[in-house]
Amino acid sequence: MSVGVAPEQEPLIRLESISKLYGSGDAQVAALRNFSLRVAQGELLAVMGPSGSGKSTLMNILGCLDSPTSGRYWFAGEDVSRLSETQLAHVRNRRIGFVFQQFQLLPKLSAWRNVELPLLYRNASDRRSLAVHALETVGLGNRIEHRPTQLSGGQQQRVAIARALVTDPDLILADEPTGNLDTAASREVLAVLRDLNQGGRTVIVITHDPEVAPIARRTVHVRDGQLVQQKAA
Amino acid sequence: MSILQTIETGLRSLLGHRLRSVLTTLGILFGVAAVIATVGIGQASSDSVTARITSLGTNLLTVSPGSTVFGGVFGGGASANSLTMRDVAGLSDRQNAPDISAVAPVSQGRVSLVSTSSNWSTTLSGSTPDWLIANARSMSSGTFITSADVSTSAQVIVLGATTASNLGAGVGDLITVKQIPFQVIGILASTGSQGFGNQDDLAVVPLTTAQDELIGGVGTVQRILLSATSSANLGTAYAEANQILLQTHGITNPSQADFSITSQTQVLSTAQAVTQTLTILLASVAAISLLVGGIGVMNIMLVSVTERTSEIGLRKALGATPGDLFRQFVIEAGALTAVGGLLGVATGLAAGYIVPRTANIAVTITPAPIAIAVAVAVVVGLVFGVYPALRAARLAPIEALRAQ
Ligand SMILES: Nc1ncnc2c1ncn2[C@@H]1O[C@H](COP(=O)(O)OP(=O)(O)OP(=O)(O)O)[C@@H](O)[C@H]1O
Ligand SMILES: [Mg+2]
Numbered sequence: 037m038s039v040g041v042a043p044e045q046e047p048l049i050r051l052e053s054i055s056k057l058y059g060s061g062d063a064q065v066a067a068l069r070n071f072s073l074r075v076a077q078g079e080l081l082a083v084m085g086p087s088g089s090g091k092s093t094l095m096n097i098l099g100c101l102d103s104p105t106s107g108r109y110w111f112a113g114e115d116v117s118r119l120s121e122t123q124l125a126h127v128r129n130r131r132i133g134f135v136f137q138q139f140q141l142l143p144k145l146s147a148w149r150n151v152e153l154p155l156l157y158r159n160a161s162d163r164r165s166l167a168v169h170a171l172e173t174v175g176l177g178n179r180i181e182h183r184p185t186q187l188s189g190g191q192q193q194r195v196a197i198a199r200a201l202v203t204d205p206d207l208i209l210a211d212e213p214t215g216n217l218d219t220a221a222s223r224e225v226l227a228v229l230r231d232l233n234q235g236g237r238t239v240i241v242i243t244h245d246p247e248v249a250p251i252a253r254r255t256v257h258v259r260d261g262q263l264v265q266q267k268a269a
Numbered sequence: 061m062s063i064l065q066t067i068e069t070g071l072r073s074l075l076g077h078r079l080r081s082v083l084t085t086l087g088i089l090f091g092v093a094a095v096i097a098t099v100g101i102g103q104a105s106s107d108s109v110t111a112r113i114t115s116l117g118t119n120l121l122t123v124s125p126g127s128t129v130f131g132g133v134f135g136g137g138a139s140a141n142s143l144t145m146r147d148v149a150g151l152s153d154r155q156n157a158p159d160i161s162a163v164a165p166v167s168q169g170r171v172s173l174v175s176t177s178s179n180w181s182t183t184l185s186g187s188t189p190d191w192l193i194a195n196a197r198s199m200s201s202g203t204f205i206t207s208a209d210v211s212t213s214a215q216v217i218v219l220g221a222t223t224a225s226n227l228g229a230g231v232g233d234l235i236t237v238k239q240i241p242f243q244v245i246g247i248l249a250s251t252g253s254q255g256f257g258n259q260d261d262l263a264v265v266p267l268t269t270a271q272d273e274l275i276g277g278v279g280t281v282q283r284i285l286l287s288a289t290s291s292a293n294l295g296t297a298y299a300e301a302n303q304i305l306l307q308t309h310g311i312t313n314p315s316q317a318d319f320s321i322t323s324q325t326q327v328l329s330t331a332q333a334v335t336q337t338l339t340i341l342l343a344s345v346a347a348i349s350l351l352v353g354g355i356g357v358m359n360i361m362l363v364s365v366t367e368r369t370s371e372i373g374l375r376k377a378l379g380a381t382p383g384d385l386f387r388q389f390v391i392e393a394g395a396l397t398a399v400g401g402l403l404g405v406a407t408g409l410a411a412g413y414i415v416p417r418t419a420n421i422a423v424t425i426t427p428a429p430i431a432i433a434v435a436v437a438v439v440v441g442l443v444f445g446v447y448p449a450l451r452a453a454r455l456a457p458i459e460a461l462r463a464q
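Chain order of the listed sequences is U and Y.
Count along the first sequence from 1, add 36, and you get the number used in this note's numbering.
Count along the second sequence from 1, add 60, and you get the number used in this note's numbering.
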């Protein structure tokens, strides 16, 4: 997509009446109810809401890690529900970078081997230099051979961010990237995310952290699986 | 993901989980090696029993005194002197026994042979020229005992190959038995048998010489060896011998016979049945060890796949296709089973080499158990390494990621 997208053009993300139900019978929980949302290319969107309101559920559906019970999801104009397993794998690999709340690094692999993982699934040739470059971007150029257990929480989270951006994706999804970090580490991580957005990527961040809101252009609030408020910055 | 890349990822993951990889490999290794070794031992004992019995001569009938079962009471060796030279003469009558080609009375005992260089104790048989035919033996050098030697009670001796080499004696040498000098007139050709009942460790002298001077029992014999004209005539030869002996012993009721006639085919079929049972037993032990090994492999594979469900979820989240995951797990399980299988075959073959040399147990390695053991190990390893991984790969990435 070109710079200067007109608002009526197809957004990067379009959710129409998404519902996600867990369990069945009396134990059934509606994690998302009739949820609709559009996110344009190049936005930095913050998602806020109380615990259990459905933020992670929303993020997992946006990242094609889970499928909704009903409703439609168009990613870059494509109806995700029509994609095969293999096509979904390609979307996750090429277009989306996911930063998990719990880091999700493989403990047996060094930092750069962890960052290299998504490149393995796209036959990139200069994987090591790409991984090292991504680690330098998040300020970890001097930790490339360290195992996750040898890194601090903030460093692990930055390795996870490096892994999300190494494939140069259109969309970066970060589920409470600062949830486990102290203030200083949080600032570093947020700075990295803002730089990525300024580099042209669409970034969606889930957060409880009020410091995130100011850097976001738009903040949405989720309550009981529903969108309650949209606030433009 | 390129196939080279998949192989690298798979092997890297095996190295990353060293203990798990080693345990799986060991499970396969011992399963395969146990099958090869146990079936090899069963095969070897079965072969050796069969070979030993066939080397005794298949046309052979042995007449022994007593040993009749009468009214449920085993006669045992009670009437030890029931066989005489009259019986031998009767059986040698070609008119009455046209299907018997050789009659060799035998009197046997354990003696010590002394040569100029050493001494050696062995089984000494007194017999007649027919001994050679009845036992289906041949000479490697010299001559066998002649009728003239028997009628003159000549002091001549024929040695088995093992006996001759242990005594360091050759044709023409003199050896002494109970202070009596004997001249070695021939050495028997080797049968290649070994250990207990070695057919190459024996000595033969004329029957009369043995009875007069070495073993005693003039006029009676311990056993009579008969040779049928062919193995097809073994049945009629048996009937003729039985008839003649009943007659010479004046017995009218065959169930009261004071002698028994056994054929090698009976012994052979009994022995074959025994070794077959033995082989089945060992094969069952092998099958159980393969099963136990297989269950071990299955457990480790299942545990490791469950353990790795969240890794599978993460790889999916990062863009692994179902095909990528399938290939990675096939390579991991395949590498483990291949290494385990090869080491198992090597260990089995090594056992087949070492055991006979240290424990005096023969092992015969045949290709079939190797192939079966390896095939079972590979199938178990692949099925339990790949199937649960595929199931995990079918979950939504987030479900797999949550599994802990
Ligand atoms: N796998 C699941 N099975 C059943 N219920 C689930 C599952 N995942 C989430 N839920 C339920 O769905 C609702 C939304 O969960 P979700 O994880 O999206 O909340 P959240 O907004 O991310 O909360 P938090 O801020 O605590 O992370 C919750 O009530 C939760 O109990
Ligand atoms: Mg959450």
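Cβ atoms here follow ideal geometry from the backbone N, Cα and C, with glycine treated the same way.
Leaving aside the five residues that flank U:N96 on each side, the residues in its chain whose CB is nearer than 7 angstroms to its CB run, in chain order, D102.
Not a single heavy atom of ligand 1 lies less than 7 angstroms from the C-beta of U:S55. Remark: the C-beta of U:A67 is in contact range of ligand 1, defined as less than 7 angstroms to any heavy atom. In this structure, ligand 2 has a non-hydrogen atom nearer than 7 angstroms to the beta-carbon of U:D211.
Within the model, the alpha-carbon separation for Y:A406 versus Y:A93 is close to 8 angstroms. If you draw a straight line from the Cα of Y:L262 to the Cα of Y:L79, it is about 58 angstroms long. At least 8 angstroms separates the beta-carbon of U:V241 from that of U:V195.
Within the stretch 427-458 of chain Y, A456, P457, I458 place their CB atoms closer than 8 angstroms to a CB of chain U, listed in sequence order. For U:D245, the CB contacts under 6 angstroms within the same chain, skipping 5 residues up- and downstream, are T214 in chain order.
Against chain U, the CB of Y:G76 has a partner CB under 8 angstroms away; the residue lies at that interface. Straight-line measurement puts the Cα of Y:S315 at about 49 angstroms from the Cα of Y:G228. Judged by their CB atoms, U:L57 and U:S72 are not nearer to each other than the 8 angstroms cut-off.
If you draw a straight line from the Cα of U:R158 to the Cα of U:K91, it comes to about 29 angstroms. Sequence-ordered contacts of the stretch 360-379 of chain Y with chain U read S370, E371, G373, L374, R375, K376, A377, L378, G379 [C-beta pairs closer than 9 angstroms].
For Y:K376, the Cβ stays outside the 7 angstroms cut-off from all heavy atoms of ligand 2. Y:S344 has a beta carbon lying at 8 angstroms or more from every beta carbon in chain U. Within the same chain, Cβ atoms closer than 7 angstroms to the Cβ of Y:T296 are found at D159, the five residues on either side in sequence being excluded. For U:P154, a Cβ of chain Y is located within less than 8 angstroms of the residue's own Cβ. Burial is judged here by how many other beta carbons sit within 10 angstroms of a residue's own beta carbon; Y:R462 has fewer than 16 and is exposed. For U:R158, the neighbours in chain Y by C-beta distance under 8 angstroms run, in chain order, G379.
Only buried fits Y:V99, as 16 or more other CB atoms lie within 10 angstroms of its CB. Not one beta carbon of chain Y lies nearer than 8 angstroms to the beta carbon of U:R259. Burial check for U:D115: the Cβ neighbour count within 10 Å stays below 16, so the residue is exposed. Contact annotation for U:L101 against chain Y: A377, A456, P457, I458 [CB-CB distance below 7 angstroms, chain order]. Around the beta-carbon of Y:K238, fewer than 16 other beta-carbon atoms lie within 10 Å, marking it exposed.
Exclusion of U:K144 from the 7 angstroms shell around ligand 2 follows from its C-beta lying no nearer than that to any non-hydrogen atom of the ligand.
Between Y:G102 and Y:G356 the beta-carbon gap is near 23 angstroms, outside 8 angstroms, which marks them as no contact.
Per DSSP, reduced to three states, the secondary structure at U:Y109 is strand.
Along the stretch 58-73 of chain U, there is no position whose C-beta sits under 8 angstroms from a C-beta of chain Y. Taking non-hydrogen atoms of ligand 1 into account, the C-beta of Y:S62 is found less than 7 angstroms away from none of them.
Fewer than three pairs of CB atoms, one per stretch, sit closer than 8 angstroms, so the stretch 115-131 of chain U makes no contact with the stretch 168-185 of chain U. Under DSSP, Y:S185 shares a beta bridge with Y:Q168, Y:V264.
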